[in-house]
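Sequence lines, in order, name chains E and S.
Residues 1 to 219 (the UniProt record's numbering) are what the first sequence spells out, left to right.
Residues 1 to 219 (the UniProt record's numbering) are what the second sequence spells out, left to right.
Here is the structure we will look at.
Number of protein chains: 2
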Amino acid sequence: MKNLKLHGYWRSSASWRARIALNWKGLPFEYLAVHLLKDGGQQFSQDYRAVNPMARVPTLEWTEADGQARKLSESMAILEYLEERVPSPALLPTDAYLRAKARMLAEMVNAGMQPLQNTSVTLRIKTELKADEKAWAAHWNVHGLTALEAAVQATAGRYCVGDGVSFADVLLVPQLYGARRFGVDLKPYPTLLRIEAACNELPAFQAAQPDRQPDAQPV
Amino acid sequence: MKNLKLHGYWRSSASWRARIALNWKGLPFEYLAVHLLKDGGQQFSQDYRAVNPMARVPTLEWTEADGQARKLSESMAILEYLEERVPSPALLPTDAYLRAKARMLAEMVNAGMQPLQNTSVTLRIKTELKADEKAWAAHWNVHGLTALEAAVQATAGRYCVGDGVSFADVLLVPQLYGARRFGVDLKPYPTLLRIEAACNELPAFQAAQPDRQPDAQPV
Numbered sequence: 001m002k003n004l005k006l007h008g009y010w011r012s013s014a015s016w017r018a019r020i021a022l023n024w025k026g027l028p029f030e031y032l033a034v035h036l037l038k039d040g041g042q043q044f045s046q047d048y049r050a051v052n053p054m055a056r057v058p059t060l061e062w063t064e065a066d067g068q069a070r071k072l073s074e075s076m077a078i079l080e081y082l083e084e085r086v087p088s089p090a091l092l093p094t095d096a097y098l099r100a101k102a103r104m105l106a107e108m109v110n111a112g113m114q115p116l117q118n119t120s121v122t123l124r125i126k127t128e129l130k131a132d133e134k135a136w137a138a139h140w141n142v143h144g145l146t147a148l149e150a151a152v153q154a155t156a157g158r159y160c161v162g163d164g165v166s167f168a169d170v171l172l173v174p175q176l177y178g179a180r181r182f183g184v185d186l187k188p189y190p191t192l193l194r195i196e197a198a199c200n201e202l203p204a205f206q207a208a209q210p211d212r213q214p215d216a217q218p219v
Numbered sequence: 001m002k003n004l005k006l007h008g009y010w011r012s013s014a015s016w017r018a019r020i021a022l023n024w025k026g027l028p029f030e031y032l033a034v035h036l037l038k039d040g041g042q043q044f045s046q047d048y049r050a051v052n053p054m055a056r057v058p059t060l061e062w063t064e065a066d067g068q069a070r071k072l073s074e075s076m077a078i079l080e081y082l083e084e085r086v087p088s089p090a091l092l093p094t095d096a097y098l099r100a101k102a103r104m105l106a107e108m109v110n111a112g113m114q115p116l117q118n119t120s121v122t123l124r125i126k127t128e129l130k131a132d133e134k135a136w137a138a139h140w141n142v143h144g145l146t147a148l149e150a151a152v153q154a155t156a157g158r159y160c161v162g163d164g165v166s167f168a169d170v171l172l173v174p175q176l177y178g179a180r181r182f183g184v185d186l187k188p189y190p191t192l193l194r195i196e197a198a199c200n201e202l203p204a205f206q207a208a209q210p211d212r213q214p215d216a217q218p219v
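The following block contains the structure:
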């Protein structure tokens, strides 16, 4: 994998997941900012839709040794692919059942929480349904984080699954940032907060933080 | 894997995915119906929350040869686990890039579409936001299916990725059923409809259909 380019947005949690994984695997990449709000959303431009018809971030582009151009979107698919191409350092446990649990915890965020709070959804709640989009997003965060706090009890060590960083941690950290933005009280989730703190000691997680990205804006 | 039990609901698309995969892998299972609407939603019962704190279907339970009890939820994690435990017949291509594309297409449904139309979400749109939940769900189906129809052009053969059935097909078929329920016109997605028809010729897909489940109700 050469000439890696990541199309992302500084505080898109799905872009953030891809940044963590690329950092973790030691893969340098060029960061191409797609502003989700400017110009009515740059992700809807014809140019970006040609890269990703879903009009979402992230998309990873690269070149193979034989010169073939490649592109891949959907953060979970990107994580799985990086894990297959660069197995070490790992982002999944070696035991098959624990690997399944790491994926399960990751999907509780990926399918269970984040889709309900992404920019296109909160925008529609606000502008079309004339409802409180922060309350909407907070509701699904509380539901999902309550379930996640319960579920990690079965597997947590220093991280979500034992003492090795996994997909579950990669998904957790950006989700908690999102939950804070929507005003969710995180005190009921002490295990998740403890794991977040452990992750944030790691350089791969630190370098992926939104405020360290070139397109970051003052909050 | 012995004594396989699948907690599901006849027309939950995530349960349906798990049924297809179990059938495909030739794994017999006991089907335990969780009625998502009766009794205020049986998934919210204390008994079921002990099985799955997310209060969602499906959950797969089984016993290992050494007697250990296992359980796993989140349909994508279940699919990945079954693929690892019973690699043949496969549900992912052998080429790593095509495997990534199959996961990408699957996640366009799993994270991009289905979470916005699941029962708990449409119920909240209707009862809390007093909005038209069918129009809400249809909107996200149109957005997602348009992207999916565009994305499969790069990989489709008889199925979503070449001529082998993959996760992408397992996710597609239940999603199209959901789209019809929400009144979405499917004519703009001829490739997806063609692939659906090809899948529905396969016994593993046929046996997984909602109306063939013991908890099916007249529509």
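For each residue, glycine too, the CB sits at the ideal point set by N, CA and C.
Keep in mind the model is a prediction, meaning the values are calculated, not measured.
How is residue i classed by DSSP in three states: helix, strand or coil?
{"i": "A198 (chain S)", "result": "helix"}
Please report the distance separating the alpha-carbon of residue i from that of residue j.
{"i": "L91 (chain S)", "j": "F182 (chain S)", "result": "28 angstroms"}
{"i": "Y159 (chain E)", "j": "P190 (chain E)", "result": "13 angstroms"}
{"i": "A69 (chain E)", "j": "L60 (chain E)", "result": "11 angstroms"}
{"i": "K71 (chain S)", "j": "A208 (chain S)", "result": "21 angstroms"}
{"i": "E107 (chain S)", "j": "V219 (chain E)", "result": "30 angstroms"}
{"i": "N110 (chain E)", "j": "Y177 (chain E)", "result": "14 angstroms"}
{"i": "R19 (chain E)", "j": "A197 (chain S)", "result": "39 angstroms"}
{"i": "V152 (chain E)", "j": "L105 (chain E)", "result": "8 angstroms"}
{"i": "A55 (chain E)", "j": "F44 (chain E)", "result": "6 angstroms"}
{"i": "L22 (chain E)", "j": "K2 (chain E)", "result": "13 angstroms"}
{"i": "E84 (chain E)", "j": "A96 (chain S)", "result": "7 angstroms"}
{"i": "L193 (chain S)", "j": "A138 (chain S)", "result": "17 angstroms"}
{"i": "G41 (chain E)", "j": "P53 (chain S)", "result": "36 angstroms"}
{"i": "A216 (chain E)", "j": "P203 (chain E)", "result": "19 angstroms"}
{"i": "K187 (chain S)", "j": "D39 (chain S)", "result": "37 angstroms"}
{"i": "H143 (chain S)", "j": "H143 (chain E)", "result": "26 angstroms"}
{"i": "L50 (chain E)", "j": "D66 (chain S)", "result": "For the record, residue 50 (chain E) in the displayed sequence is Ala; it is not Leu. Straight-line Cα distance between these residues: approximately 51 angstroms."}
{"i": "Y48 (chain E)", "j": "E64 (chain S)", "result": "47 angstroms"}
{"i": "I195 (chain S)", "j": "E201 (chain E)", "result": "47 angstroms"}
{"i": "R180 (chain S)", "j": "E149 (chain S)", "result": "16 angstroms"}
{"i": "T127 (chain S)", "j": "E128 (chain E)", "result": "16 angstroms"}
{"i": "R212 (chain E)", "j": "P89 (chain S)", "result": "45 angstroms"}
{"i": "Q175 (chain E)", "j": "T94 (chain S)", "result": "32 angstroms"}
{"i": "L145 (chain S)", "j": "V184 (chain S)", "result": "10 angstroms"}
{"i": "V121 (chain E)", "j": "A131 (chain E)", "result": "12 angstroms"}
Leaving out five residues before and five after residue i in sequence, what residues of the same chain have Cβ atoms less than 6 angstroms from its Cβ?
{"i": "K25 (chain S)", "result": "L82 and V86"}
{"i": "K5 (chain S)", "result": "E30, L32 and E61"}
{"i": "S15 (chain S)", "result": "G8, Y9, V57 and P58"}
{"i": "C199 (chain E)", "result": "D169, V173 and F205"}
{"i": "T155 (chain S)", "result": "K101 and V161"}
{"i": "T119 (chain S)", "result": "L36"}
{"i": "D163 (chain S)", "result": "G157"}
{"i": "W136 (chain S)", "result": "I125"}
{"i": "V165 (chain E)", "result": "Y159"}
{"i": "I78 (chain S)", "result": "A18, L60 and L72"}
{"i": "L98 (chain E)", "result": "V161"}
Output needed for residue i: all residues of its chain with C-beta closer than 7 angstroms, excluding positions within five of it in sequence on either side, in chain order.
{"i": "W140 (chain S)", "result": "M113, L116 and Q117"}
{"i": "P214 (chain E)", "result": "Y31 and A33"}
{"i": "R11 (chain S)", "result": "P210"}
{"i": "F167 (chain E)", "result": "L79, L91, L92, A102, R103 and A106"}
{"i": "A147 (chain S)", "result": "M108"}
{"i": "L171 (chain S)", "result": "R17, A106, V109 and N110"}
Leaving out the 5 sequence neighbours to the left and right, which residues in its chain are closer than 8 angstroms to residue i when beta-carbon positions are compared?
{"i": "L123 (chain E)", "result": "E133"}
{"i": "S75 (chain E)", "result": "A14, S15, R17, A18, P58 and N110"}
{"i": "L27 (chain E)", "result": "M1, L4, L82 and V86"}
Beta strand (DSSP E) segments (min. 3 residues) lying fully within the UniProt domain "GST N-terminal" (2-90) of chain E
2-8, 30-33, 59-63 and 69-73
Uninterrupted beta strand (DSSP E) stretches inside the UniProt domain "GST C-terminal" (95-218) of chain S (no shorter than 3 residues)
none
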